[in-house]
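First up is the structure itself, then whatever we jot down about it.
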C-alpha cells in the first residue's frame, strides 16, 4: 500500500487544455499510443471497428475507448489517466470534453503540476486559448508547454509557427506566465510527440513534447507540507466513532495531536482503521484513511484536521490555517447569468459547503482580452475574472492558495450547477458578522471577530481566554458531553413545560443540565429587544451564543424559544456546530387552535384584542421546520410522554455512562 501511495504521489499530474477542436483528444490518444499505455490489442480492435464502419482511424478514438472502458468500472476515476515514459510516471487528470473538465480545472480537485496547452496552427490563438492560459495562471500552474498542433495542415510552415508563438508569448507575458517551450507538432502524424520530425521540420531543433515533460520539475512532496486532513464523513461502529477522510497534505501517526477547524477542537490519534492492506501506525498525503481519537469530539463532514506545532508527526503547522467568514479571492465566473454583489450562491471548499455572496468587487477583467472592465460594475459577467471579497454565512477553514493550494481553492454553485470558482488570495482586512454566526467559531489564531452591529467591522483585538479545563476533561468528569436541544414552536405549544420536565429528569440522573427560556432571557440579556423581525433574529442569535457557551462547558442546554423563522434556527445551528457542539432541533407541534385554547398566559386573548402587535401565529408568521431532528406532538402526547421521548434523545446525543 505504501508503494502504491508513493507511486501515485510521484506521478507528474498534467492537464491538457486549449480551444475546442484544436486536437486535445488526438494528442492524448497519440501519447498513449507512443508510450504503450493502452491495453494489449486495443489499437487493433479500434482499427477493425473503423474498417467495419467505413471511417478513417483517429487517435482521438483511443481516448474515447479508454474512457468508455473505465466508466464501466466505478472504482476507477475516469478523470485520471496514467502513462509513463522511460524517466517517470504521469497522470492526465482530466479528459477534454469530460463533463467535469472545466469544473475540475477551476477547483483544482485534482491539482495539476504541469499543463500542455494546444493551439491549432490552422486557426491560431483563439478565445479559449487565452482563457485557459489565464486559468492556468490563476491556479498557479507554472510548468507549461505550448503545443502548436496541426502543422501538417499548414505544410509544416515555420512562419506560421513563429507567428503563433509570438502572439501567444505576448499574451502570456501580460499575465505573468512563461511557457517552458513552444513545440510544433502534428498529433495525428505523431510529429514531435515522442519522436522528432527533423525531415518535416528541419528548422525546429528543440525537444519533443515528452522530452519537455521529462524536463519538468518533480511534484512537490506533499508529506512535507502542513497537515490538512479533510473529513468526508463520521461513522459509528460498535463503541467507536470512525472519522473518514483524506490527507491532502502532511502526514499523521498514532499519538499525534490534531486540531479540527472550524471549532478549534484538539485530540490525539488513537488508531487507524484499515480493512485492507498492511497495518501501519502512520498515514501520508494522498491517502484516504479512517481514524479514531482518544476523546470524543463532535465532528462532521467539512471539518479540517490540522497539525500542532511540535507534535509527534513533525509536520509543520505554519503557515496556519485560517477560519473566517470573509476573504479576498480571484474569481472566474462561467454562469449563464451575471453574478451580482449580494446575490447568494453555494460555496464549496474541500468538503465544506455554505451560502456565500460577493461583498465587494475590486476589479473585473475580460479573461480573453485582459482588459479591465470600466465603470465600477457591481456584477461579474460570464467568462469574467474578478478580484472580489467573498462573505460566507458561516465560518470556513481555508489556506491562502499560495500556501496550501488544495485548501485555497473553491467552487461556486448557482441554481444547482457549477458556475464558477477561484482561489483565496488573502484574509479580508475586516471581518463582518452575520446573524448566522457573528462570527460563530474561533480562528486558528485564537482571534475572535465579534460585533453586535451587523454593518460594523468586527473587532480584531479580542481573544479567547484559556479556562485551563478542556472539553474532554469535562466530558470525563461529567460522564457526558455538552449539547444544545433547541425546542421551537408556537406560544403555548409546550416548549417550556417539556424543557423543564426533562431538565428535572436529567438533574435527578446526575447530568449537568439547564434550561434557557425565551421569557427569562428577555428580562435581562435581551431586555433591550422588541419584537420586530430584526429584534427576534438578534434575540435568537444571543440565545444561541449563550447556549453554546454553556454547552462548551459541559452542560446539556434545553432552550425554549419560539424562534419563528427557519433562517434564524439554521443560524443557531451553525453557531453551535461551528464550535463542535451537537445541536438537535425539536419541533413542538400543536395547532394554532390548540395553543389558543390553552393560552396559559392569556397572550392570545390579548393579541386578538390588539393589545400585543406582531404576535406569532396571529399577525406574525411562524415557519414550520422543514426537517427537524425530532417532532413532538403535544396534541397527541402527554407532557410526560413527550418528556420521556425527549429524554431518550438527550441520552443518546450526549451518551451519559450508565444512563437509563
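Numbering (my numbering), first residue to last: 461 to 1120.
Backbone N, C-alpha and C define an ideal beta-carbon position, used for all residues, glycine too.
The structure displayed is predicted, hence computed values, not measured ones.
| Query | Result |
| --- | --- |
| Three-pair Cβ contact test at 8 Å for the stretch 837 to 850 versus the stretch 667 to 676 | no |
| DSSP-derived helix/strand/coil call for residue 797 | coil |
| Buried versus exposed call for residue 509 [16 or more other C-beta atoms within 10 Å across all chains shown] | exposed |
| Where residue 855 falls, given that 16 or more other Cβ within 10 Å makes a residue buried | buried |
| Segment contact flag, the stretch 860 to 877 with the stretch 789 to 806, C-beta cutoff 8 Å, min 3 pairs | yes |
| Residue 715 and residue 685 closer than 8 Å at C-beta | no |
| Pairwise C-alpha distance: residue 998 and residue 448 | The displayed coordinates of the chain run from 461 to 1120. Any statement about residue 448 would go beyond what the structure contains. |
| Residue from 785, 761 and 1072 with nearest C-alpha to residue 818 | 785 |
| Pairwise C-alpha distance: residue 595 and residue 868 | 15 Å |
| Residue span of the beta strand (DSSP E) that contains residue 551, given as start and end | 549 to 552 |
| For residue 763, three-class secondary structure by DSSP | coil |
| Exposure of residue 445, with buried meaning 16 or more beta-carbon neighbours within 10 Å | Residue 445 lies beyond the residue range present for the chain, which begins at 461 and ends at 1120; the question has no answer from this structure. |
| Residue 1014, enclosing alpha helix (DSSP H) - first and last residue | Premise fails: residue 1014 is in no alpha helix (DSSP H) and is neither H nor E. |
| Status (buried if at least 16 other CB within 10 Å, exposed otherwise) for residue 681 | exposed |
| Per DSSP, the bridge partner or partners of residue 573 | The partner list for residue 573 (beta bridge, DSSP) is empty, contrary to what the question assumes. |
| Ordered list of beta strand (DSSP E) runs contained in the stretch 665 to 694, each at least 3 residues | none |
| Whole-Å CB distance - residue 943 paired with residue 1113, under 8 Å assumed | 5 Å |
| Contacting residues, own chain, Cβ-Cβ under 7 Å from residue 688 (five flanking each side not counted) | 708, 709, 710, 764, 766, 864, 866 and 867 |
| Cβ pair residue 754, residue 713 closer than 8 Å | no |
| Burial state of residue 577, where buried means 16 or more other Cβ atoms lie within 10 Å | buried |
| Cβ contact check for the stretch 932 to 942 and the stretch 1060 to 1077: 3 or more pairs under 8 Å | no |
| Cβ-based burial, residue 736 [other Cβ within 10 Å; buried from 16] | exposed |
| Cβ neighbour criterion (16 or more within 10 Å) applied to residue 1141 | The requested residue 1141 does not occur in the structure, where the chain is confined to residues 461 to 1120. |
| Boundaries of the beta strand (DSSP E) in which residue 845 is found, first to last residue | 844 to 858 |
| DSSP bridge partner residues for residue 716 (one or two, in chain order) | None; residue 716 has no bridge partner. |
| Proximity winner among 613, 495, 1093 and 1043, relative to residue 1054 (alpha-carbon distances) | 1093 |
| As assigned by DSSP and simplified to three states, the class of residue 751 | strand |
| Contact between the stretch 1038 to 1050 and the stretch 964 to 983 (3+ Cβ pairs under 8 Å) | no |
| Distance cut-off 7 Å: residue 1069 Cβ against heavy atoms of the ligand HEM | No copy of the ligand HEM occurs in the structure displayed, which carries no ligand at all. |
| Chain-order list of residues whose beta-carbon lies under 8 Å from that of residue 583 (same chain, five-residue window excluded) | 479 and 482 |
| Own chain, CB closer than 6 Å to residue 811, minus 5 neighbours either side, in chain order | 690, 692, 761 and 762 |
| Distance between beta carbons of residue 1110 and residue 966, contact taken as under 8 Å | 7 Å |
| Member of 676, 1010 and 1011 whose CA lies at the smallest distance from the CA of residue 548 | 676 |
| Which residues DSSP lists as bridging residue 787, in chain order | 850 and 887 |
| Residue from 1022, 954 and 1041 whose Cα sits closest to the Cα of residue 1084 | 1022 |
| Through-space distance from residue 781 to residue 852, alpha-carbon basis | 17 Å |
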